[in-house]
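S.K.: For the sequence shown, the positions run 5 to 326 when this note's numbering is used.
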Amino acid sequence: MWVVVVLSRYVRELEIYSSCYQDKQNILPSSLYTCKSLVILKLNGGILMDVPQMVCLPSLKTLVLKGVNYFKQGSLQRLLSNCPVLEDLVVNLCHHDNMGKFIVIVPSLQRLSLYIGYKRVLDEFVIDTPSLEYFKLVDRNYDSHSCLIENMPKLREAYVDVRSTDLQSLIGSITSVKRLIISSKAMFGDGYIFNRLERLTLHVLEENPSNLLSQFLKDSPNLQELEYFSELDDSYENMRMFPWNQPSIVPECLLSSLQKFTWSQYLGRTQDRDIAVYILKNACCLRNATIDSYTCLVPELEMIKELTRSSRASTTCELNFS
């Protein structure tokens, strides 16, 4: 097999792609799992990972696994536990793989990206990565997993795109982030404070998106930049109007830290106008506010007049429309 020849030449980077639609899956040679020179390994498609008992990848820093199958339960865990300097891990789990438990316990890991495909529910989901600085989770399941995510004290940036209504098991592990991008319908309850959060991008596609916005404003006392996306589905379900459930007390971030506010795909509903007016009225340190309307739904001149006439807490705030 050509892979054996390549490995014998002290290769540092190896990328293998195999079609998922072929009759026979490729089984990688055992010499791959003891290659001392390998720094970057990327596997994609119809590959069967049969991880032997003897495995050691002492130089591996980047591992990318997309749509591969695993010969035994625990194969991935055995592989990861023998990569002592691994820093970057990307795993895409699809409906055809046979992994029941996703367990990542890697002290050296700094970046983790996990994609869980539609109808791909895991029996167990454990992440213990004390050196992690970046975490990306895209989960297309509407059912929740048995999830344990802990020990991320160095986490600085997270990207979370989940369809499940359960955020409780996740949100407590990412409160140390400075940068957060989140797309979710779920609420996460009280008791979580994002003291370090400075930049928030919030994608909303739900019946009453203002609830999640209120929660983040309340729980992010040092927020400096807010980017708010109103996402439309095909049926325009979220064109229905719901009241803006504004916080009972003006959030600390509006009084003392928020400097930049961007709203993409502004829909012009009553609640949208109320949210925008509330932020402009209470954000004392705001320097720049940009409203990007969904032009086929919002009369632009009317929107500009409404928001321009609204009072602003910051006398130096520049209001832009696009």
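Glycine is no exception: its CB is placed at the ideal position from the N, C-alpha and C atoms.
Give me, in chain order, the residues of the same chain whose beta-carbon lies closer than 6 angstroms to that of Ile107; leave out the 5 immediate sequence neighbours on both sides.
M.R.: Cβ neighbours of Ile107 beyond the five flanking positions: Gln81, Val130.
S.K.: Could you compute how far the alpha carbon of Tyr14 sits from the alpha carbon of Ser63?
M.R.: C-alpha separation (whole angstroms): 11 angstroms.
S.K.: Rounding to the nearest angstrom, what Cα-Cα distance links Lys309 and Ile253 in this structure?
M.R.: Answer to the nearest angstrom: the Cα atoms are 28 angstroms apart.
S.K.: Under the three-state reduction of DSSP, which class applies to Val208: helix, strand or coil?
M.R.: In the structure shown, Val208 sits in a strand (DSSP, three-state: E or B).
S.K.: With C-beta atoms as the reference, is Ala287 less than 8 angstroms away from Leu323?
M.R.: No.
S.K.: Return helix, strand or coil for Leu311, following the three-state DSSP convention.
M.R.: Leu311 falls in the helix class under three-state DSSP.
S.K.: Ignoring anything shorter than 3 residues, give me the beta strand (DSSP E) runs that lie fully in the region 152-232, in order along the chain.
M.R.: Correct list: 161-166, 183-187, 203-208.
S.K.: At the level of alpha carbons, what is the spacing between Gly195 and Ile20?
M.R.: Each residue's alpha carbon lies about 45 angstroms from the other.
S.K.: Could you spell out the range, first to last residue, of the alpha helix (DSSP H) harbouring Val281?
M.R.: Run containing Val281: 274-286, per the alpha helix (DSSP H) assignment.
S.K.: Kindly indicate which three-state DSSP category Thr323 falls into: helix, strand or coil?
M.R.: Checking the sequence shown, residue 323 turns out to be Leu, not Thr. Strand.
S.K.: Give the DSSP-derived three-state secondary structure of Val110 in the structure shown.
M.R.: It is coil, neither helix nor strand.
S.K.: Taking the Cβ atom as the reference point for each residue, do Asp223 and Trp267 lie within a distance shorter than 8 angstroms?
M.R.: No, the pair does not count as a contact, with Cβ atoms beyond the cut-off.
S.K.: Alpha carbon to alpha carbon, how far is Val55 from Phe75? Give it in angstroms, no decimals.
M.R.: Roughly 8 angstroms separates the two Cα atoms.
S.K.: Candidates Val59, Asn30, Asp92: which alpha carbon is nearest Val43's?
M.R.: Residue Asp92 is the option with its Cα nearest to Val43.
S.K.: In the DSSP assignment, the beta strand (DSSP E) including Arg115 goes from what residue to what residue?
M.R.: Per DSSP, Arg115 belongs to the beta strand (DSSP E) from 115-120.
S.K.: When burial is assigned at 16 or more other CB atoms within 10 Å of the CB, is Pro247 buried or exposed?
M.R.: That one is exposed.
S.K.: What distance in whole Å lies between the Cβ atoms of Leu152 and Thr133, which are believed to be in contact at a cut-off of 8 angstroms?
M.R.: Not quite, the Cβ-Cβ distance comes to about 12 angstroms (not below 8 angstroms), so this is no contact.
S.K.: Could you tell me whether the Cβ atoms of Cys98 and Gly121 are closer together than 8 angstroms?
M.R.: Cβ atoms of Cys98 and Gly121: closer than 8 angstroms.
S.K.: Taking only three categories from DSSP, how would you classify Thr294?
M.R.: Thr294 falls in the strand class under three-state DSSP.
S.K.: Based on the DSSP secondary-structure assignment, which residues constitute the bridge partners of Ser234?
M.R.: Note: Ser234 sits in a beta bridge opposite Val208.
S.K.: Tell me the rounded alpha-carbon separation between Tyr270 and Asp127.
M.R.: Spanning the two alpha carbons is a distance of roughly 40 angstroms.
S.K.: Measuring CB to CB, does Leu174 end up less than 8 angstroms from Val181?
M.R.: Not a contact, by the Cβ cut-off of 8 angstroms.
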